[in-house]
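Peer 1: With numbering that gives the first Met the number 0 as the guide, the letters of the sequence shown map in order to residues 0 to 494.
Here it is, the structure, as structure tokens.
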Amino acid sequence: MRMPEPDAAVMGRRESIVAHLRRIVPGEGVISSIDEMRAYDCDGLSAYRQLPLIVVLPSTTEQVARVLAYCHKNGVKVVPRGAGTSLSGGSLPLADAVTIGLGKFNRILEVDLPNRCAVVQPGVTNLAISNAVAVDGFYYAPDPSSQIACSIGGNVAENSGGVHCLKYGLTTNNVLGVEFVTIEGEILRLGGKHLDSGGLDLLGIITGSEGLLGIVTEVTVRLLRRPETAKAVLMGFPSNEDGGDCVAAIIAAGIIPAGLEMMDKDAIAAAEDFVHAGYPLDVEALLICELDGPEVEVDHLIDQVAAIARDHKASTLRVSTSEEERMRFWAGRKAAFPAVGRISPDYMCMDGTIPRARLPEVLARMREMSVKHGLRVANVFHAGDGNLHPLILFDANKDTELERAEAFGADILILCVEVGGVLTGEHGVGVEKRDLMPTMFTESDMAHQQRLKCAFDDGHLLNPGKVFPTLHRCAELGKLHVTGGRLPFPDIPRF
């Protein structure tokens, strides 16, 4: 993986930049020592590390605006950072860029139950929102496995999902408004407390933009009433293919579970050893299907799901009998990532999404790839919406294993696109999938995407080196013309 060469002129002005930023964010708001910056040298994609030029920790929207305006005026690159849980390298620092951490934006500003929404700062953790309104019977639906640590601002940047996204949607379906600061330091408000906004869908553009368009400093999220009843069904299968076929059959029957998750044998064993959730260890695949709503509806749907599971050779079938047991079923699934970390020195978590009906085929081909690359893979899926999270196990201290893991991951993502899927479901492109973008998009597609970035950031100062494998200057993009569906790209060096 190559990143842009550091700007020597900016590096030479480092002390001047530090001094100016300290006037904007006084006290301990600017970190410039090497040892203190090491805490920011990577995100959840820890195979790649880079010390930033400087770290700035603003605590107000005005400070963010002034920092961005200074960077824009002086040609200094900026990398936004939330909690640092990104698994695609989205907040990987650059040697000549200021990392702006939003950790001090950690307050819930307003809970508005009559309008079913809450206004929060971007550093608030995902789970904190649900905890804050639980006593009133409400919750925030998107629930990534990292929800205890990941921030709502990072969720907006990556359009995060979670186990309940099948029925209740991703972040983009649950965000009503944002306060947003442009690279010029202009503070904008998009959306509000209402469900839909008129005009251009700028809110939809910002959600999932991976820090390329600006920095979010406030988020208005949608709150939902907790369902009357929720029960989970635990189903074990003799093969991954049987489990995958059962997923497709449940959806084909018109049933929309609140969550429908799948784990393979290695992930089951790791999670059970870590959490003791009561998972069967004699099965090759495990499905967790949650149904919620009125009790009579939930019981009816559970009977249907159980019948479908038996038709697809389920060898284990258990329905939660209490809220504690339901939460225990989910505890194992949500702890799958750290659990796998106990059985391998390192792992790489991929994030491709496929059509549900192709799940058995993709699982079979991943087994073949595992043999080809000589590395094990533990599989955890948001099976209901086809979002795969293969965990490639490797040891970075052994020669070639990191390179083989990267090649294995690339093969998985290329396969996802080949069967009609996409490169990412919720983790984002970042640097991890950046060089695979041409497998999914034509040059014309990517040029149009960059035109949108140019409308917000004409100097390419915001999170450069992420998402786009080839960078075009904004002035050149304006001169390009589509010819036969392709763009005659000028000769501009790749990152």
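Every residue gets a Cβ at the ideal spot worked out from N, C-alpha and C, and that includes glycine.
Values in this document were obtained by computation on a predicted structure and should not be read as measured data.
#1: Mind pulling the alpha helix (DSSP H) runs of 4 or more residues that sit fully within the stretch 364-452?
#2: Got a sec? Which residues, its chain only, sit under 8 Å from VAL97 by beta carbon, not counting five neighbours each side?
#3: Measure the CB-CB distance between PHE393 and LEU374 and report whether it falls below 8 Å.
#4: Excluding the 5 residues preceding and the 5 following PRO92 in the sequence, name in chain order all residues of the same chain whose CB lies nearer than 7 Å to its CB.
#5: Take LEU211 as the anchor and find which of ILE151, GLU475, LEU451 and HIS471 has the nearest alpha-carbon.
#6: Would you please state the rounded distance, in angstroms, between the beta carbons of GLY83 and ASP135? I believe it to be under 8 Å.
#7: Assign LEU44 to buried or exposed, taking buried as 16 or more other Cβ atoms, counted over all protein chains shown, within 10 Å of its Cβ.
#8: Per DSSP, GLU109 forms a beta bridge with which residues?
#9: State buried or exposed for MET262, treating a residue as buried only when at least 16 other CB atoms are found within 10 Å of its CB.
#10: Does the distance between the C-beta of ASP265 and the nearest non-hydrogen atom of the ligand NAD fall short of 7 Å?
#11: Let me know the secondary structure DSSP gives VAL215 once reduced to three states.
#12: Can you confirm whether the stretch 169-189 touches the stretch 140-149 when touching is taken to mean that 3 or more C-beta pairs between the two stretches lie within less than 8 Å?
#13: I want to know whether the stretch 117-137 touches the stretch 211-228 - three or more CB-CB distances under 8 Å.
#14: Less than 8 Å between the beta carbons of CYS503 and VAL232, yes or no?
#15: Between HIS311 and chain D, is the shortest Cβ-Cβ distance under 8 Å, so that the two count as touching?
#16: Quickly, what does DSSP pair ALA96 with across the bridge? List them, please.
#17: Quick check on LYS465: does DSSP put it in helix, strand or coil?
#18: With distances taken Cα to Cα, identify the nearest neighbour of GLU240 among VAL430, ALA363 and PRO57.
#19: Compute the Euclidean distance between the alpha carbons of GLN449 and LYS192, then round it to the nearest angstrom.
#20: If you follow the alpha helix (DSSP H) that ASP241 is part of, which residue opens it and which one closes it?
#21: Could you tell me whether the Cβ atoms of GLY89 and ALA148 are closer together than 8 Å?
#22: Would you call the CB atoms of ILE353 and LEU300 closer than 8 Å?
#23: With a threshold of 8 Å on Cβ separation, who are the neighbours of GLY27 within its own chain once the five nearest residues in sequence on each side are excluded?
#24: Could you name the residues of the same chain whose beta carbon sits closer than 7 Å to that of TYR496, not counting the 5 residues immediately before and after it, in chain order?
#25: Which whole runs of the beta strand (DSSP E) in the stretch 241-327 are 3 residues long or more, in chain order?
#26: Quick one: using the 10 Å Cβ neighbour count with 16 as the cut-off for buried, is ASP298 buried or exposed?
#27: Once the 5 residues before and after PHE407 are set aside, which same chain residues still bring their CB inside 7 Å of it?
#28: Excluding the five sequence neighbours on either side, which residues of its own chain have a C-beta within less than 6 Å of the C-beta of SER343, listed in chain order?
#29: Would you grab the beta carbon distance between HIS388 and ASP350 for me? Rounded to a whole angstrom, and I think it's under 8 Å.
Peer 2: In short:
#1: For the alpha helix (DSSP H) assignment, the uninterrupted runs of no fewer than 4 residues enclosed by the stretch 364-452 are, from N- to C-terminal side, 400-417.
#2: ILE16, LEU20, PRO51, LEU52, ILE53, VAL54, VAL55, VAL66, CYS70, VAL75, LYS76, VAL77 and VAL78
#3: yes
#4: Contacts found: TYR39, ASP40, GLN49, LEU50, PRO51, VAL78 and THR98.
#5: LEU451
#6: That belief does not hold up - the Cβ atoms of GLY83 and ASP135 are roughly 31 Å apart, past 8 Å.
#7: buried
#8: GLU109 pairs with VAL118.
#9: buried
#10: For the ligand NAD, the structure offers nothing, since it holds no ligand at all.
#11: strand
#12: Touching, yes, given that three or more Cβ pairs across the two stretches are closer than 8 Å.
#13: Output reads yes: the stretch 211-228 touches the stretch 117-137.
#14: Since the displayed the chain opens at 0 and closes at 494, residue 503 lies outside it and no answer follows.
#15: No chain D is part of this structure, which consists of one protein chain only.
#16: Beta-bridge pairing links ALA96 to LYS76.
#17: coil
#18: Closest option to GLU240, Cα to Cα, is ALA363.
#19: 30 Å
#20: 239-251
#21: No, they are not a contact pair.
#22: Result no, Cβ atoms of ILE353 and LEU300 do not sit closer than 8 Å.
#23: Residue 27 is actually Glu in this sequence, not Gly. Correct list, in chain order: LEU56.
#24: Limits of the chain in this structure are 0 at one end and 494 at the other, which puts residue 496 out of reach.
#25: 258-263, 284-292 and 315-318
#26: ASP298 comes out exposed.
#27: MET368, HIS372, LEU374 and ILE391
#28: Counting only Cβ-Cβ distances below 6 Å, and skipping sequence neighbours, we find LEU392.
#29: 6 Å
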